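Inspection log for the structure reproduced underneath, given as structure tokens.
2 protein chains.
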Amino acid sequence: MQISAETGHIEETPYQVERQVGFLLRQANQRHVAIFSNIIGDKLTTTQWSALSKLQQNQPCSQNQLGRETAMDVATIKGVVDRLVKRGLVATVPDMSDARRVVLSLTQQGEEVVTENRQAARAATEETLSPLTSGERMIFLELLQKLC
Amino acid sequence: MQISAETGHIEETPYQVERQVGFLLRQANQRHVAIFSNIIGDKLTTTQWSALSKLQQNQPCSQNQLGRETAMDVATIKGVVDRLVKRGLVATVPDMSDARRVVLSLTQQGEEVVTENRQAARAATEETLSPLTSGERMIFLELLQKLC
DNA sequence: CCATTCTTGTTTGTATGCGAATGACTATCA
DNA sequence: TGATAGTCATTCGCATACAAACAAGAATGG
Numbered sequence: 000m001q002i003s004a005e006t007g008h009i010e011e012t013p014y015q016v017e018r019q020v021g022f023l024l025r026q027a028n029q030r031h032v033a034i035f036s037n038i039i040g041d042k043l044t045t046t047q048w049s050a051l052s053k054l055q056q057n058q059p060c061s062q063n064q065l066g067r068e069t070a071m072d073v074a075t076i077k078g079v080v081d082r083l084v085k086r087g088l089v090a091t092v093p094d095m096s097d098a099r100r101v102v103l104s105l106t107q108q109g110e111e112v113v114t115e116n117r118q119a120a121r122a123a124t125e126e127t128l129s130p131l132t133s134g135e136r137m138i139f140l141e142l143l144q145k146l147c
Numbered sequence: 000m001q002i003s004a005e006t007g008h009i010e011e012t013p014y015q016v017e018r019q020v021g022f023l024l025r026q027a028n029q030r031h032v033a034i035f036s037n038i039i040g041d042k043l044t045t046t047q048w049s050a051l052s053k054l055q056q057n058q059p060c061s062q063n064q065l066g067r068e069t070a071m072d073v074a075t076i077k078g079v080v081d082r083l084v085k086r087g088l089v090a091t092v093p094d095m096s097d098a099r100r101v102v103l104s105l106t107q108q109g110e111e112v113v114t115e116n117r118q119a120a121r122a123a124t125e126e127t128l129s130p131l132t133s134g135e136r137m138i139f140l141e142l143l144q145k146l147c
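Sequences listed follow chains E and H, in order.
In terms of numbering that gives the first Met the number 0, the first sequence opens at residue 0 and continues consecutively.
In terms of numbering that gives the first Met the number 0, the second sequence opens at residue 0 and continues consecutively.
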């Protein structure tokens with residue numbers, strides 16, 4: 000909304016959904032997910048990759064903690080972890096000192112999967128950012144981080 | 000990957016999921032969705048708003064067409080439209096000239112909902128972008144558009 | 001005009017993603 | 001210590017999101 004210098008009236012910028020941040024964020028995310036799954040294949044989703052990759056950094060880790068660090072709801076992280084456990088990439092052990100907690104860690108196979116796919120994940124990032132120049136990427140990532 | 004001026008070796012940038020575009024896009028989108036639903040309430044989701052708002056611009060419109068214009072899969076747009084129809088915001092009529100097609104249009108109530116919530120949608124956009132200065136917003140939106 | 005091909009809409013299956021409720025356990029503080 | 005508050009994991013319900021398979025209709029070329 001702006002005030003016109005001529006009329007002094009409030010001027011409505013025409014509202015176009017396709018120009019709104021929300022719409023664009025959703026689309027950009029969709030594009031990235033598509034690129035990621037083209038490169039990685041159907042083995043791993045972006046969300047699963049986040050969980051595995053983050054778990055490797057913070058091993059061992061409780062389920063909710065991992066959810067917090069990957070920005071996933073408790074209900075969401077449970078589903079993700081369940082599928083990773085079923086596929087033998089993540090192991091769960093009950094916590095000795097806290098009976099509520101489930102302690103997560105990568106299995107041997109999980110470690111291998113993370114190692115094997117790191118270059119592919121880098122490639123996905125690269126391709127997603129490919130429409131931007133090197134300088135634009137720096138700026139974009141900086142601004143994007145402010146919106147999180 | 001960069002080449003060090005000192006060693007001449009290829010240096011691996013340490014891989015951190017939380018710094019990757021994909022991770023940040025997902026988070027930024029989550030934040031926007033949360034802001035939107037705080038402002039609009041549980042009446043409408045971001046996706047439903049996109050569909051309604053776009054439909055108002057392009058009335059009447061076939062279902063798949065609307066999906067294409069809102070960047071939604073055929074299966075996704077069907078679910079969205081079904082829910083909007085069930086709530087009386089969208090009406091469907093069979094197309095005379097093409098028996099496959101379902102022609103969509105806003106109902107009276109649908110028109111009202113779009114009109115009533117446009118300011119709120121603007122406010123959601125505004126709040127999502129609030130961490131950025133006016134100049135940064137222009138740059139960010141421009142770069143984001145290139146990634147779609 | 002007929003066969004091939006494309007498009008439209010539907011359904012199924014899998015995977016996020018969140019709100020809200022629940023049960024079990026821990027921590028805290030009066 | 002005993003009530004209260006907070007945390008962890010689970011579950012349910014709803015809403016995207018996409019791949020894949022399908023049926024019916026439309027469009028095209030031969």
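For glycine and all other residues, C-beta sits at the position ideal for the given N, C-alpha and C.
These numbers come from a predicted model, not from an experiment.
V32 of chain H beta carbon less than 7 Å from that of T45 of chain H: Residue numbering aside, residue 45 of chain H sits at position 46 when the second sequence is read from its first letter. Residue numbering aside, residue 32 of chain H sits at position 33 when the second sequence is read from its first letter. Taking 7 Å as the Cβ cut-off, T45 of chain H and V32 of chain H qualify as a contacting pair.
Which residues DSSP lists as bridging C60 of chain E, in chain order: Sequence index remark: in the first sequence, residue 60 of chain E carries index 61 (1-based). Beta-bridge analysis with DSSP links C60 of chain E to E:L103.
Enclosing beta strand (DSSP E) for T75 of chain E [first to last residue]: Indexing the first sequence from 1 puts residue 75 of chain E at position 76. Taken as a continuous stretch (DSSP letters only), T75 of chain E belongs to no beta strand (DSSP E), being part of the alpha helix (DSSP H) at V73 to K85.
For A120 of chain E and E11 of chain H, the rounded distance between their alpha carbons: As a first step, residue 11 of chain H is located in the second sequence; it is residue number 12 there, counting from the start. As a first step, residue 120 of chain E is located in the first sequence; it is residue number 121 there, counting from the start. E11 of chain H and A120 of chain E have their C-alpha atoms roughly 14 Å apart.
CB contact check: Q62 of chain H to chain E, cutoff 7 Å: Residue numbering aside, residue 62 of chain H sits at position 63 when the second sequence is read from its first letter. Judged by the 7 Å Cβ criterion, Q62 of chain H is not in contact with chain E.
Inter-residue CB distance, L88 of chain E and Q62 of chain E (contact presumed, cutoff 8 Å): Counted from its first residue, the first sequence places residue 88 of chain E at position 89. Counted from its first residue, the first sequence places residue 62 of chain E at position 63. With a Cβ gap of about 14 Å, L88 of chain E and Q62 of chain E do not count as contacting.
Three-state secondary structure (DSSP) of A90 of chain E: Start at 1 with the first residue of the first sequence, and residue 90 of chain E comes out as number 91. If DSSP states are grouped into helix, strand and coil, A90 of chain E belongs with the strands.
C-alpha distance - Y14 of chain E paired with R86 of chain H, whole-angstrom precision: For the purposes of this step, residue 14 of chain E is taken as residue 15 along the first sequence, with counting starting at 1. For the purposes of this step, residue 86 of chain H is taken as residue 87 along the second sequence, with counting starting at 1. If I take the Cα positions, the gap works out to 24 Å.
Exposure label - S49 of chain E; buried when at least 16 CB within 10 Å: Position 50 of the first sequence, counted from the start, is the residue given in the question as residue 49 of chain E. For S49 of chain E, the number of other beta carbons within 10 angstroms of its own is at least 16, and it is reported as buried.
Chain E within 7 Å of P13 of chain H, Cβ atoms only: Walking along the second sequence from the start, residue 13 of chain H turns up at place 14. Not closer than 7 Å to any Cβ of chain E, the Cβ of P13 of chain H fails to qualify, so no.
Rounded Cβ spacing between A123 of chain E and F35 of chain E (contact assumed at less than 8 Å): Counting from 1 along the first sequence, the entry for residue 123 of chain E is found at position 124. Counting from 1 along the first sequence, the entry for residue 35 of chain E is found at position 36. Correct: roughly 4 Å between the Cβ atoms.
Classification of N37 of chain E by the beta-carbon crowding that lies within 10 angstroms, buried from 16 upward: On the first sequence, position 38 is the one that residue 37 of chain E refers to. Exposed, by the Cβ-count rule.
Residue-chain proximity (G78 of chain H, chain E), Cβ-Cβ < 7 Å: Within the second sequence, the letter at position 79 stands for residue 78 of chain H. It does not; no Cβ of chain E falls within 7 Å.
Test item: CB-CB of L54 of chain H and L65 of chain H under 7 Å: Working through the second sequence from its first residue, we reach residue 54 of chain H at position 55. Working through the second sequence from its first residue, we reach residue 65 of chain H at position 66. Pairing L54 of chain H with L65 of chain H gives a Cβ-Cβ distance under 7 Å.
Sub-7 Å separation of L128 of chain E and R117 of chain E beta-carbons: As a position in the first sequence, residue 128 of chain E is number 129, starting the count at 1. As a position in the first sequence, residue 117 of chain E is number 118, starting the count at 1. Going by C-beta atoms, L128 of chain E is not nearer than 7 Å to R117 of chain E.
Three-state secondary structure (DSSP) of L128 of chain E: Residue 128 of chain E sits at position 129 when you count from the first residue of the first sequence. Shown here, L128 of chain E sits in a helix according to DSSP, grouped into three states.
Among E:P59, E:F139 and E:V112, the one whose alpha carbon lies nearest that of I39 of chain E: Within the first sequence, numbered from 1, the residue matching residue 39 of chain E stands at position 40. The candidate whose alpha carbon is nearest that of I39 of chain E is E:V112.
Nonlocal neighbours in the same chain, by C-beta distance under 7 Å from L140 of chain E, ignoring five residues either side: Walking along the first sequence from the start, residue 140 of chain E turns up at place 141. Result list for L140 of chain E: empty, nothing under 7 Å.
Residues that G21 of chain H contacts on chain E, provided the C-beta gap is smaller than 9 Å: Here residue 21 of chain H corresponds to residue number 22 of the second sequence, with the count starting at 1. Residues of chain E with a Cβ closer than 9 Å to the Cβ of G21 of chain H are, in chain order, N28, H31, V32, I34, F35, T45, W48, S49, A120, A123, T124 and T127.
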